[in-house]
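Numbering of the sequence shown is given in the working numbering, commencing with residue 7 and proceeding in unit increments.
Backbone N, C-alpha and C fix where the C-beta goes; we use that ideal spot for every residue, glycine too.
Being a predicted model, the structure only gives us computed values, none of them experimental.
One structure is given below, encoded as structure tokens.
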Amino acid sequence: MTMGRIFLESSSFRDPEGFLFFYNGKLYRQINQKGKNNFDLLINSGLYQKLVEKKFLIPHTEVSLKIAATKDAYKIIKPQSIPFISYPYEWSFSQLKDAAILTLEIQKIALEHNMSLKDASAYNIQFIGYKPIFIDTLSFERYQEGEPWIAYRQFCQHFLAPLSLIIERDPRFNLLLRDFIDGIPLDLVSHTLPLTTKLKLPLLTHIHFHALNQKRMVNKRVDKNKYKMKKLQMFALIENLKSTIEKMKMKKFQTEWQKYYHFMNYSNKAFENKKFIVKNLLYKIKPQSVIDLGANEGIFSQIASQTGAYTIACDIDPFVVEEIYLKAKKNKNKYLLPLVVDLTNPSPGLGWQNKERKPFSERVKVDCVLALALIHHLAISNNLPLELISQYFASLGKYLIIEFVPKQDSNVQILLQNRKDIFDEYSKEAFEKIFSKYFQILEKKKIKESKREVYLMKRK
């Protein structure tokens, strides 16, 4: 929606207390008169300062009301920018787990300041590198003595439900968050979890009994006087949820892409030479932002982030993304954001008019795209024409560092061993010709002791 030079953020329309908008390309948040009391309490109670000091909440600066989008504006604030907006269905297990724990920590601190979270949506969390941060300044309201936590069900649906499915069933169940952007229904989770989870008190309470109670209360009028919760009881609830989630661990099993580099056809000398080439090309173009497509273990993502470029490491395998995240967290790498993304089926636009959650490809606008040891998987394993691959890469970034893997390469031969070779277009000559439609080839470097070459290209 547009209002002159003002563009309203398409995902920010549900809260009557305020909304996000863009003015001259910069993001602002308007606090409406309806949100005045809660916003003032957030500031005056010391809660805002406490959360910002702990780096739990996105900081903001107050700006002039002259740029207000509507007449009922009370305040206009400019939040700190987030380098890349990601969504919960793109996170690894530990990212979702850390986001859940942060939400509970914030609720605990809010209660200490006589406030409470009125919603506990996973979309209120973003990541800056390895660190989760809460971004919705208007999610806080005055705590009412005796009132239960209004966001409890939402927390269970957005966090506890997918985490439980991941550890008890399969990491790919996190993709259910794409189908249920308001959180996975607890009755579905209860039916899907193994029967043995009913022997685990936290899951029995927060998932199974919770789902039964929801079903029992459908279309019934609730007498709020019957359901009271003292503040100490709410603290106990928060601690119980936090303890439950902290103890969760994802089961490990071998996947196709784990330990990929342990079975690659590079010699040590060739692999070191490839790292040297990529690092030098990155230093030459000096990108501020990089996306590493098919990052695998994240070795080249780490190289990119070490140059100071904010780097998004994408891979289809939730286990390798989990490992990248845990390494980034251990090393406190604030320039590396790993995400679970299937390049052949990336996250689409979701929600109202398909605009509440933006498509992955629309969110990616970087200085440099890394596509290393990838093109043969796209062209041969997924039957994607080089024309479409080059178009897609050009839509993502200004520069492209791409490794071409010829048919003679042993890894390509493995891909072709059980299928007919219908890929006449797949050759170095055709690759250069087609990619030259969209890119200027600046450099190409042969990897030592290998048939592969690394190209540096610039979008036309």
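Checking the sheet assignment: what are the DSSP bridge partners for Y316? S295
| task | Determine the direct distance from the alpha carbon of M121 to that of I107, and round the result to whole angstroms. | result | 18 Å
Near S353, what residues of its chain come up, given a Cβ to Cβ distance below 8 Å and the 5 sequence neighbours on each side ignored?
Y93, Y95, E96, R184, V347, R363, P365, F366
Measuring only the C-alpha atoms, how far is L473 from P168?
With the chain running from 7 to 466 in the structure shown, residue 473 is simply not present.
- Report all residues from its chain with a CB closer than 7 Å to the CB of S456; omit the five preceding and five following residues, and keep chain order. Y272, A276
Can you tell me the Cα-Cα spacing of L332 and S100, whole angstroms? 8 Å
*asked:* Just to check my reading of the structure: K280 and V58 have Cβ atoms closer than 8 Å, yes? What is that Cβ distance to the nearest angstrom?
replied: Actually they are not in contact, since the Cβ atoms of K280 and V58 sit about 42 Å apart, beyond 8 Å.
(Q) Spatial neighbours of N130 within its chain, please: C-beta separation below 7 Å, excluding the five flanking residues on both sides. (A) F140, I141, D142, S145
Might you give, ordered along the chain, the residues of its own chain that have their beta carbon closer than 8 Å to the beta carbon of D298, omitting 5 neighbours on each side? Leaving aside the five residues that flank D298 on each side, the residues in its chain whose CB is nearer than 8 Å to its CB run, in chain order, G304, F306, S307, A310, T317, I318, A319, C320, L376, L378.
**Study point:** Residues that D321 bridges to, as DSSP identifies them
**Key:** V346
* Since I believe R465 is in contact with A400 (beta carbons under 8 Å), could you give me their beta-carbon distance rounded to a whole number of angstroms? => 5 Å
Worksheet entry | Contacting residues, own chain, Cβ-Cβ under 8 Å from A74 (five flanking each side not counted) | Q36, I82
Item to complete: Whole angstroms is fine: what's the gap from I489's alpha carbon to G135's?
Response: The structure shown does not extend to residue 489, since the chain is modelled only from 7 to 466, so the question has no answer here.
Quick check on Y233: buried or exposed, where buried means 16 or more other Cβ atoms within 10 Å of its Cβ? exposed
On the three-pair Cβ rule with 8 Å, is the stretch 47-56 touching the stretch 20-34? No: fewer than three Cβ pairs fall under 8 Å.
Among P391, V411, N44, nearest to P22 - alpha-carbon criterion = N44
*asked:* Can you look up T8 in the DSSP assignment and give me helix, strand or coil?
replied: Low per-residue confidence applies at T8: pLDDT is 49, beneath 50, and the placement is therefore not dependable, though the value from the model is reported in the following sentence. It is a strand residue.
Identity of the residues DSSP links to G24 by a beta bridge: I37
Quick check: the Cα distance between L422 and L384, rounded to an integer number of angstroms?
13 Å
| query | Considering only residues of the same chain and omitting the five flanking positions on each side of F62, which have a CB-CB separation below 8 Å? | reply | A distance below 8 Å between beta-carbons, with the five flanking residues on each side excluded, links F62 to the following residues of its chain, in chain order: L108, E111, I112, I115, I139, F140.
Helix, strand or coil: which one does DSSP assign to Q423? coil
| message | Please give the ranges of any alpha helix (DSSP H) in the stretch 137-212, keeping only runs that are unbroken, at least 4 residues long and fully inside the region. | response | 158-161, 167-174, 182-185, 192-198
What separation, rounded to the nearest whole angstrom, lies between the Cα atoms of N360 and I91?
16 Å
### C-beta neighbour in chain D for K454, strict 8 Å
The chain inventory of the structure shown lacks chain D, comprising one protein chain alone.
| message | Here's the rule I'm using: 16 or more other beta-carbon atoms within 10 Å means buried, otherwise exposed. How should S396 be labelled? | response | buried
Notebook entry, point to check: Roughly how many whole angstroms lie between the Cα atoms of Q294 and Y341?
Noted result: 10 Å
- Item | Counted within 10 angstroms of its Cβ, other Cβ atoms place N180 as buried (16 or more) or exposed | buried
Check P412 in the structure and name its three-state DSSP category.
coil
What does the alpha-carbon distance come out to for the pair T8 and S17?
Residue confidence is low: T8 scores 49 on pLDDT, short of 50, so the model does not pin down where it sits. Its coordinate-derived value is still stated next. C-alpha separation (whole angstroms): 14 Å.
Return the Cβ separation of I283 and K451 in integer angstroms, given the expectation that the two are a contact with Cβ distance under 8 Å. 5 Å
| request: Taking V296 as the reference, give the member of V370, I244, I386, K248 with the closest Cα. | output: V370
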